[in-house]
Each structure stands twice: as C-alpha cells, then as structure tokens.
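Since the structure comes first, as structure tokens, the remarks are kept for the end.
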Amino acid sequence: DKIMNVRHVIWASIVSTTISCQSVKKEYNSFDEYPVREDALTEMEYSPAETKFSLWAPTAEEVRVLLFESGNEGSASNTFPMEMGENGTWNISIKEDLKGKFYTFNVKVNGKWLGDTPGIMAKAVGVNGKRAAVLDLRSTDPEGWENDVRPPLKNYADITVYEMHHRDFSLDSVSGIQNKGKFLALTEQGTTSSSGEKTGIDHLKELGITHVHLLPSYDYASVDETKLDKAQYNWGYDPQNYNVPDGSYSTDPYKPDVRIREFKQMVQALHKAGIRVVLDVVYNHTFNTDESNFERTVPGYFYRQTKDGQWANGSGCGNETASDRAMMRKYMIESILYWINEYHIDGFRFDLMGIHDIETMNEIRAAIDKIDPSIFMYGEGWAASSPQLEADRLAMKANVEKMPRIAAFSDEMRDGLRGGWDDDTKGAFLVGEPGHEMSIKFGIVGAIEHPQVISDSVNYSKKPWALQPTQMISYVSCHDDMCLADRLKATMPDASVEELAALQKLAETFVFTSQGVPFIFAGDEMMRDKKGVHNSYNSPDSINTIDWKNKTAHKDVFEYVKGLIAMRKAHPAFRMGDADMVRRQLEFLPVENTNVVAFILKDNANGDSWKNIIVALNSRAEPVKLDIPSGKYTVICKDGKINMKGLGQVSGDELMVPARSAMIIHQIEGSKRINKDFVIQTKTHNTNGKDMEMVWEER
C-alpha cells in the first residue's frame with residue numbers, strides 16, 4: 003500500500019505539472035458561447051480494470067478528483083489532477099479496481115477552489131449524498147429485473163393517477179406494513195390493517211388505479227440520513243442529487259447499492275401488480291445555490307440571474323434553473339432518460355413546470371418517445387413568481403397547446419369546486435356558492451375548446467389551453483394545500499360527518515367523470531385529513547401519516563371511489579381521449595338552478611356499451627328536478643352508491659337528483675332512441691348572475 007501511495011503521489015505530481023503548463027482559462031462573453039459536451043454526461047465509468055472520471059467544467063483552471071474510503075468520514079486517501087479534454091470536459095482514467103471507493107470533484111475557478119462536489123450527474127452516493135460512490139450498477143439489479151416490463155397502456159385517457167408520499171402511506175402503526183416509510187413498503191404483499199382492510203400495494207390494486215405518483219424520491223437535502231432514529235419529515239422538494247434514490251427511504255443509507263436495489267424492487271413489485279410508476283421531478287431549483295453541485299462545477303451557468311446580477315427566484319426557493327441553456331437542457335433530458343432506462347420509470351410530474359422553457363419540455367417529450375411513447379408527462383403549469391424568461395417561451399399552462407402530449411394541472415376545476423388557494427375558509431361549488439359552474443364545465447371537457455363552455459366565465463383561464471383532453475390533469479386535492487376533507491371542514495365547519503362524506507363523494511365524481519386525466523391524493527378515498535394543516539411539507543408524522551382506520555370508518559367513501567374508477571375503466575365514454583369526439587358526444591344539459599351541472603354522453607360515445615349516459619351533479623342542500631330526453635334509463639349512481647349492474651330504473655323526461663350528490667343513468671338497450679329534434683329551452687344563470695337562454699339539442 004505504501005509503495006502504491008508513493009507511486010500515486012509521483013504520478014499525480016507529473017500530471018499536475020503537465021496540466022498546469024497546459025491549462026489556460028477560457029473566457030466566454032455569454033453563456034451561449036459555452037461549449038456543449040457531445041457525449042453523455044456520465045461522470046464515472048467503472049470496470050475492474052479501470053475507472054474513468056469526467057466532468058464538464060469549461061471555466062475551470064484546474065479540476066481534481068478525490069478518493070475516499072468512507073462515504074462521510076475521513077480525509078481523501080488520494081487526489082488526482084484531471085486533464086482538460088474536448089468541449090470543456092476534464093478527464094482521468096485510474097487503472098485500478100476502485101469498487102467500493104467514494105469520490106468527489108473539486109474545481110478551481112479564478113484562483114479559488116470551489117469545494118467538494120459529487121458531480122452533477124452522480125448515480126450512487128454515500129450517506130447524505132456528499133460523496134459519490136464507485137459502483138457497478140448491474141450489481142444493484144434485483145432478481146428478474148431484466149424481465150421487468152411496463153404494464154400495458156393503450157391511451158393516456160386510460161390513466162388514473164394516485165399521488166403518495168412514502169412515509170405517509172406506510173408509517174401508520176396499524177398498517178400491517180413492516181418496512182414503514184421505506185421503498186420496500188410497496189413490495190409487501192397481503193398486508194392488512196388491524197381491522198382487516200387491505201393496505202399497501204394490495205390497497206392500490208383493490209382501488210384500481212393505474213399509476214402511482216411518488217413524491218420526490220431522489221436524494222434530497224432536508225432529511226439527515228445519519229439520524230434516521232429520530233423522526234424527520236419533508237416532502238423532498240429540495241434537490242441535492244437528481245439521479246440517485248433518497249437514502250432515508252432505504253433500509254441502509256450508508257450503503258450506496260442498497261437504496262438503488264430497493265427502489266428497483268419497489269418498481270418491479272408495482273409493475274407486477276399492474277401499476278405504473280410516476281416520478282415527481284424538481285429540476286426547477288436546488289436546495290442551495292452557492293454550495294450546490296451545479297454552482298461548484300460551473301459557476302453561474304445552471305441558474306438564471308436577474309438584470310442586476312442576483313439569483314432569479316421564480317421557484318420561491320432561492321433560485322431557478324436555466325433550462326433554456328444548452329447544457330442544462332441536455333442535463334434534464336439525460337436525467338429523465340436515465341430514470342427510464344435504469345429504473346424503468348413510466349411517467350414524470352414536473353414541479354413548477356412553468357419555470358422551464360417550452361423547447362426543453364418538447365425535446366424531453368421527443369427523447370422519451372424514442373423509448374416508449376406511452377410514458378406520461380405532466381406538470382404544474384405555473385411558477386411561484388415570474389421567471390427570468392419571456393412568457394411566450396415558458397411551459398406555462400397557457401402555453402400547453404405548444405407542447406403536444408404534455409399535460410398540466412387544472413386549477414380552474416379544482417378551485418371551482420373547493421375554493422381558491424388564498425383563503426382556506428372560502429368555499430365554492432361544493433359548499434353551495436354559486437357562480438362556479440362554467441369553471442367546472444371547463445374541467446369536465448378537459449380544458450379544450452367546447453361550444454358550451456363560455457371562456458369569459460371561467461375563473462382563471464379565459465381561453466381553452468389544451469389541444470386534447472388528456473393534456474389536463476383533473477383533480478380537487480393534492481399534497482399542496484389542504485387535503486379535500488380538511489378543506490370541506492374549513493368551509494363547512496358545522497357540517498355533519500355524513501354531509502362531509504356526501505360532498506367528498508360528489509367532488510370525486512367530478513374528477514372521475516371529467517374527460518381529463520383523473521388524479522387523486524393518497525387517502526382522499528377514505529377521507530384522510532391532515533389536522534387542518536395547509537402546508538404540511540415538514541409537519542410531523544402525526545399530521546401527515548394516513549390513518550388506515552379511516553378505511554373502515556369511511557368504507558362507503560372508499561367503495562364509492564373504487565366504483566368510480568371501475569366505471570371509468572369499463573366505459574370509454576368517460577375517457578374519450580379525443581377533443582373532436584368530446585365536442586361531438588358531450589353536451590351539457592340546461593338546468594334551472596345554480597350549483598347544478600349535468601351533461602349527456604350521447605349515443606354510445608366512443609363505442610361504449612352504455613348509450614346516452616347522463617351525469618347530474620348537485621351540490622345544493624335540496625333535491626333538484628332536471629329535464630332530460632324522454633326514455634327508459636338504468637340508474638348506476640345515486641345517494642352515494644355505485645353499482646354498474648344497476649340500482650333501479652327511471653322512465654320519462656324528468657330526473658330528480660338528490661341533494662349534495664351525483665346521479666348517473668344510462669339508456670336501457672332497446673328503449674326509444676332520443677329524438678334527434680329534441681330541444682329543451684330554459685332559463686339559467688351565467689356566472690355573472692344574468693338570465694340567459696340556453697338551448698340543448700342532439701345534433
């Protein structure tokens with residue numbers, strides 16, 4: 003060992019002298035002049051014979067790679083100077099078997115060493131992610147990984163998304179899950195609550211969802227992985243290493259291979275259960291700026307700046323990344339493809355997508371399509387504040403029409419149902435506040451242009467922004483803001499449990515009969531609450547953990563949501579997936595009251611076996627009468643119950659819709675067809691409260 007160390011010192015000294023003679027710092031007048039690395043951004047390539055290190059650092063005067071025996075302790079055992087190569091990339095090849103070692107880079111700019119970094123593209127790290135690890139990734143593949151395949155998906159319209167946080171989902175003491183708060187929680191079969199209800203992955207299968215949306219699962223900074231014996235909580239929207247699973251969700255964060263293998267086991271188990279996996283990605287900002295991996299590699303390049311030279315802050319988290327710059331764009335594309343190829347991820351949700359530029363998002367979509375076009379992309383079509391880029395270049399909701407096959411969340415429908423973000427106590431349609439009907443109709447058609455949706459009366463968007471209904475995420479609740487049960491309690495403080503359950507069911511009926519892609523927050527299917535906390539990103543487990551006893555206490559709500567999902571799966575009229583078809587087949591019925599929305603899915607929309615499906619949604623405290631085309635109908639949904647075989651029959655041209663509930667009926671096979679000349683004329687109210695004539699007819 004002593005001989006080897008002497009050899010390293012002599013060799014390093016020779017190389018260092020050579021580099022110091024050769025290296026000349028390159029000056030650039032703008033970020034556009036920075037060279038673009040042509041090959042992949044891989045920074046460590048291991049083989050038993052040698053390990054190659056490379057780092058893109060075009061403004062560096064010197065770059066070193068440091069080797070360590072531990073992932074978090076001790077000083078470097080060896081330091082090697084790297085050599086400048088093409089396109090601003092520094093390289094070195096160490097011809098030894100370095101497996102099990104840890105490493106960092108250190109970059110010198112303007113005469114200053116910037117500090118250790120695991121690199122921007124680290125794929126394995128030690129505890130807390132400060133040092134990268136030399137690892138053979140193939141050794142992390144679980145048995146049968148090469149045969150892992152995505153569950154089939156014919157159309158984005160067939161998707162149902164379930165958003166969950168690892169700790170929330172499995173930490174409850176009555177969950178019956180052994181690996182609480184870990185990736186492996188989603189690999190356990192046959193788990194039940196103390197009441198005998200299915201939990202964990204069996205619960206997801208029972209509910210019937212198609213996609214699990216995992217809150218950030220990459221290596222994030224706010225949880226100390228060396229102190230997991232103490233309760234720590236964060237959603238994880240504070241990125242540290244984008245391309246490594248977080249250690250706090252593994253059974254041993256000190257061993258780099260464990261978190262990788264266990265994440266893959268989780269994906270494998272979900273795939274075997276018929277469930278696809280969506281990763282929540284947060285490329286718009288990093289946990290810190292000056293000490294971040296990006297800034298310690300190429301200062302200033304990866305973040306946008308204001309005109310006065312300060313860090314731009316469109317994220318509200320202290321910085322915003324510059325997706326419009328060539329190497330940040332390349333980084334995002336390669337990172338996404340890495341998660342697909344290495345971890346078999348099936349979809350991506352982009353946090354604050356509105357900070358990124360349209361060109362980058364479209365290039366990501368194109369790169370994904372070359373692998374598998376069924377992989378789903380969606381994101382938040384907004385930013386925390388105005389980003390430092392022209393509005394027409396940003397991936398905002400208003401620009402979704404420029405990003406085909408990329409979806410965005412519809413806050414129009416969300417806030418039309420439950421009330422706005424800015425006041426938790428102010429409700430909307432669900433609690434009987436009038437004037438939100440058009441915003442809800444906007445969501446029901448999937449944010450597309452529709453002849454019966456009057457854009458001027460929609461709450462936020464004054465024009466349709468989706469080309470296809472599958473570009474709109476339909477939801478009423480997510481991890482942000484109050485969950486649905488808490489919001490209903492805040493806006494109806496005197497309501498009984500029965501009334502709140504009825505409104506919970508009604509809200510989910512809007513979501514799952516919308517032509518957009520339905521999305522449900524974990525636990526909403528059993529009236530989960532978070533003790534009224536609006537922003538629980540770092541609240542204790544007592545606030546965030548799902549109480550699995552709720553599945554027993556609110557079994558009727560669970561069965562109802564399960565029934566909605568099954569109905570949507572079984573009947574393509576609820577998921578047409580085509581804007582022209584929605585415009586032809588979905589017609590809103592005229593109603594005489596506020597806080598009532600009704601529509602018909604005409605004939606056998608999209609080849610459905612049910613004909614002329616009528617969906618009536620009433621948030622009023624009393625029943626309402628609805629004029630419908632004359633005929634005989636089977637009742638599928640009424641009084642908070644769903645049964646696809648039928649709950650009875652109704653006949654005639656009127657329908658009584660019970661208070662605070664949904665009613666769904668469809669025409670009985672062989673009954674009289676709706677007259678093509680059938681016309682209803684009635685007075686209703688627009689969102690400004692003025693009377694207007696509405697005409698419904700079958701065209």
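My numbering numbers the first residue of the sequence shown as 3 and each following residue consecutively. The beta carbon of each residue, even a glycine, is placed where N, CA and C say it ideally should be. The model shown is predicted, which means the values in this text are computed figures rather than measured ones.
Look up residue i in the DSSP assignment and say whether it is helix, strand or coil.
i, result
"Asp150", "coil"
"Ala233", "coil"
"Val433", "helix"
"Pro520", "strand"
"Ala409", "strand"
"Met440", "helix"
"Asn2", "The chain is shown from 3 up to 701; residue 2 falls before or after that span and cannot be answered."
"Ser141", "helix"
"Lys184", "coil"
"Gln242", "strand"
"Thr547", "coil"
"Val282", "Sequence check: residue 282 is Asp here, not Val. Strand at Asp282."
"Met474", "strand"
"Leu419", "helix"
"Gly121", "coil"
"Asn74", "coil"
"Ile602", "strand"
For residue i, collect the residues of the same chain with a Cβ closer than 8 Å to its Cβ; drop the 5 residues on either side in sequence, then sort them by chain order.
i, result
"Asp231", "none"
"Ala324", "Phe33, Tyr303, Phe304, Tyr305, Arg306 and Met330"
"Leu469", "Val402, Glu403, Pro406, Ile450 and Ala581"
Roughly how far, in whole angstroms, is the beta-carbon of residue i from the beta-carbon of residue j, given that I think they are within contact range, below 8 Å?
i, j, result
"Val535", "Ser541", "5 Å"
"Met329", "Asn245", "So it is not a contact: roughly 15 Å between Cβ atoms."
"Gly349", "Arg278", "6 Å"
"Lys332", "Ile360", "At roughly 17 Å, the Cβ-Cβ gap does not stay under 8 Å, so Lys332 and Ile360 are not in contact."
"Ala271", "Leu155", "Not quite, the Cβ-Cβ distance comes to about 18 Å (not below 8 Å), so this is no contact."
"Ser95", "Lys54", "5 Å"
"Gly202", "Arg133", "Contact doesn't hold; Cβ gap of about 33 Å is too wide."
"Val151", "His287", "Their Cβ separation, rounded to whole angstroms, is 34 Å, which puts Val151 and His287 out of contact at 8 Å."
"Met379", "Ile370", "7 Å"
"Gly117", "Asn108", "7 Å"
"Asn295", "Gly121", "7 Å"
"Ala159", "Met583", "With a Cβ gap of about 10 Å, Ala159 and Met583 do not count as contacting."
Let's see if you can read the secondary structure: which residues bound the beta strand (DSSP E) around residue i?
i, result
"Gly172", "According to the sequence shown, residue 172 is Ser rather than Gly. No beta strand (DSSP E) holds Ser172; the alpha helix (DSSP H) holding it covers His168 to Ser172."
"Asp371", "Per DSSP, Asp371 belongs to no beta strand (DSSP E); it is in the alpha helix (DSSP H), Ile360 to Asp371."
"Lys627", "Val626 to Lys640"
"Lys54", "Thr53 to Trp58"
"His205", "Careful: His205 lies outside any beta strand (DSSP E), inside the alpha helix (DSSP H) at Gly202 to Leu209."
Can you tell me where the alpha helix (DSSP H) with residue i in it begins and where it stops?
i, result
"Leu272", "Pro258 to Lys274"
"Thr511", "Val499 to Thr515"
"Gly565", "Lys557 to Ala572"
"Arg489", "Leu486 to Thr493"
"Lys332", "Ala328 to Tyr345"
"Ala581", "Ala581 to Gln587"
Could you name the residues of the same chain whose beta carbon sits closer than 6 Å to that of residue i, not counting the 5 residues immediately before and after it, in chain order?
i, result
"Val599", "Glu439, Ile442 and Leu619"
"Asp526", "Ser479 and Leu486"
"Leu173", "Lys182, Gly183, Asp543 and Thr547"
"His573", "Asp610 and Trp612"
"Ala385", "Gly316, Leu354, Gly356 and Ile357"
"Gln242", "Gly131, Asp221, Tyr222, Ala223 and Phe289"
Candidates the options: which alpha carbon is nearest residue i's?
i, options, result
"His452", "Glu382, Leu588, Leu508 and Ile366", "Leu588"
"Gly421", "Ile342, Tyr462, Gly448 and Asp99", "Tyr462"
"His358", "Gly131, Thr547, Ser663 and Ile335", "Ile335"
"Glu145", "Met46, Glu52, Ala497 and Gln267", "Gln267"
"Lys627", "Leu657, Met646 and Lys54", "Leu657"
"Ile377", "Arg367, Ala385 and Gly383", "Arg367"
"Ile616", "Asn343, Arg585, Phe576 and Asn608", "Phe576"
"Asp736", "Gly128, Trp115, Lys465 and Asp310", "No answer is possible for residue 736: the residues shown for the chain start at 3 and end at 701."
"Asp483", "Ala497, Glu75 and Asp425", "Asp425"
"Pro625", "Val637, Trp612, Asp641 and Asp610", "Asp641"
"Asn645", "Asp629, Met665, Ala661 and Ser653", "Met665"
"Phe171", "Ala504, Leu216 and Asp150", "Leu216"
"Gly445", "Ala581, Pro255, Lys564 and Asp118", "Ala581"
"Ser197", "Lys571, Thr554 and Val637", "Thr554"
"Trp58", "Ala51, Asp41, Leu69 and Glu71", "Asp41"
Cβ of residue i less than 7 Å from any chain E Cβ?
i, result
"Ile548", "You won't find chain E in this structure, because it holds only one protein chain."
Which same chain residues, not among the five before or five after residue i, have their C-beta less than 7 Å away from its C-beta?
i, result
"Gly736", "Outside the shown range of the chain (3 to 701) lies residue 736, about which nothing can therefore be said."
"Asp413", "Tyr462"
"Trp467", "Lys399, Ala400, Val402, Glu403 and Ala449"
"Thr291", "Glu297, Tyr305, Trp313, Gly320 and Asn321"
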